[in-house]
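Taking full-length UniProt numbering as reference, the numbering of the sequence shown is continuous, increasing by one, and the terminal residue is 312.
Heads up, the beta-carbon is just placed ideally off N, CA and C, and yes, glycines get one too.
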Amino acid sequence: MQPILTLKQWKKKISEWLENEYSFLPEKVKKKYLTTGVGHAGGCMFPNASEAQLTAVCRFFLWAFTIDDSFEFSTVDELQIICRKALAYLQGTVANTDEPLYQHLPTLREELLQLGSEEWLNRFNTSLAIYFDGIQQEIPFRKNLVFPSWDQFISIREKAVNVYPLVNFAELITGTVLPDEVVAHPVLQELARLTCRILSWSNDYFSAHMEKGNDVLNIVLMMEHLEQCSMEEAYKKAVAFHDQDLARYCYLTEHLPDFGTYAAGVNAYVQNLSLMIHGYLYWTLTLTKRYSVGTTGHPSGELKDGKLSVNV
C-alpha cells in the first residue's frame with residue numbers, strides 16, 4: 001500500500017517535527033534538513049511502506065541524521081550516554097522524557113510495536129547499539145585524522161554507517177516479523193552486512209569531496225592513502241570494491257536457501273533490501289542536497305564541534 005500523504009504533506013510533517021521536537025537545532029541546520037529530503041529518503045528507500053510505516057521510518061531518519069551530524073566529533077563518554085538513554089526509551093524502561101534530544105523516541109517505540117513485535121524491536125535496538133559502537137570506534141581516527149588499517153576500516157564502517165536499523169525496517173514493512181532463527185541464517189546475515197557495505201561505499205563516494213582533509217573514514221580517502229594514488233584513481237578503486245560487494249550480494253539474492261513456510265516473507269524482505277539500495281542512489285542523485293557544497297548542503301559546518309543548546 002502506497003503512502004497516502006503527498007510529498008508536500010510529508011515536508012510539512014517533517015517541518016513541524018523540526019520546529020517542535022527539534023527546536024534545539026540552529027535555524028540554519030533545520031533549513032538544511034528540509035533540503036535533505038527526509039521524506040524523499042524514506043519514500044525512495046522503502047517504496048512499499050504504508051503511511052504508518054513510513055512515518056516511523058522518517059521519524060527515525062530525522063533523529064539518526066541529528067545524532068550522526070551533531071556528535072561525530074564528540075567523545076566516547078558522551079556517545080555512551082546517548083546510546084544508553086536512547087535504548088532506555090526504545091526498550092520502554094523509561095516511558096517519557098523532557099530531554100529534547102530523545103523526545104521522538106517514546107513515540108517511535110509505540111509506532112514500531114504497533115507495526116511489529118517486541119522480538120523485532122529487540123533486533124532493531126541491537127542494530128542501534130551496533131551503530132553506536134561503530135561511531136565510538138571512529139572517534140580517535142577522525143579526531144586525530146589518522147587512517148586506520150584496512151581491516152579496521154571495513155569493520156568500523158559497516159557498523160557506523162547506521163544501515164543495520166534500515167535492514168530491520170526492510171523486514172518490518174513486509175508485514176511479517178521473521179523469527180530470530182530465520183534472520184540469523186548465515187545467508188541473510190551476509191546479505192545484511194553487504195547491504196551495509198554497499199550503502200556505505202555509495203555514501204563515501206558522494207561525500208569524499210566534502211570529507212577530504214576533515215575526515216579519514218571514507219573508502220575513497222582510504223584508497224588514496226593506502227594506494228598512494230590520485231583522487232581520481234581512488235574513486236575508480238572504490239567503485240571496483242563496491243562492485244565486488246554488489247556482485248556477491250546479487251549472487252546470494254539469486255541463490256537463496258529454502259526457508260520453507262517463511263520463504264515468502266524472506267523473499268519480500270530481500271526484495272526490500274534491493275529496493276533500499278536502488279532508492280538510496282536515486283535519492284542521492286536526484287532529490288537531496290545533503291552532499292551539495294554551500295548553504296543548502298550538509299550541516300557539518302554548523303555542527304562540527306558537536307555543540308548544541310541541549311544536554312546529552
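Self-check item: Within the region 220–271, ranges of the alpha helix (DSSP H) (whole runs, at least 4 residues)
Solution: 231–254
Self-check item: Start and end residues, alpha helix (DSSP H) containing N203
Solution: P186 to E211
Quiz item: Beta-carbon separation of I90 and L105 under 8 Å?
Solution: Just to set this straight, residue 90 is Leu in the shown sequence, not Ile. Cβ atoms of L90 and L105: closer than 8 Å.
Quiz item: Thinking just about the alpha-carbon of each residue, which of Q271, D204 and S50 is nearest to the one in Y291?
Solution: It is D204.
Quiz item: Measuring CA to CA, which of L252, I14 and V167 is closest to T126?
Solution: V167
Quiz prompt | Separation of N214 from Y269, as counted between CA atoms | solution = 37 Å
Exercise. Identify the continuous alpha helix (DSSP H) that holds W17 and give its terminal residues.
Key: L7 to N20
Self-check item: Span separating the alpha-carbon of F241 from that of R197
Solution: Taken atom to atom, the span from the alpha-carbon of F241 to that of R197 is near 10 Å.
Practice problem: Could you check if V146 is buried or exposed, using at least 16 other CB atoms within 10 Å of its CB as the buried criterion? | Solution: By the 10 Å Cβ count, V146 comes out exposed.
Quiz item: If you draw a straight line from the alpha carbon of F124 to that of K32, how long is it in whole angstroms?
Solution: A direct Cα-to-Cα measurement between F124 and K32 gives close to 27 Å.
Quiz item: If you drop the 5 nearest sequence neighbours on each side, which residues of the same chain put their C-beta closer than 8 Å to that of K143?
Solution: F73
Quiz item: Taking Cβ to Cβ, would you say V312 is nearer than 8 Å to L101?
Solution: yes
Quiz item: So A56 is in the alpha helix (DSSP H); what residue range does that whole segment cover?
Solution: E51 to F71
Quiz item: Hey, quick one: how far does the alpha helix (DSSP H) through F141 stretch, first residue to last?
Solution: E118 to N144
Quiz item: In terms of alpha-carbon separation, which member of A41, V57 and L226 lies closest to G116?
Solution: V57
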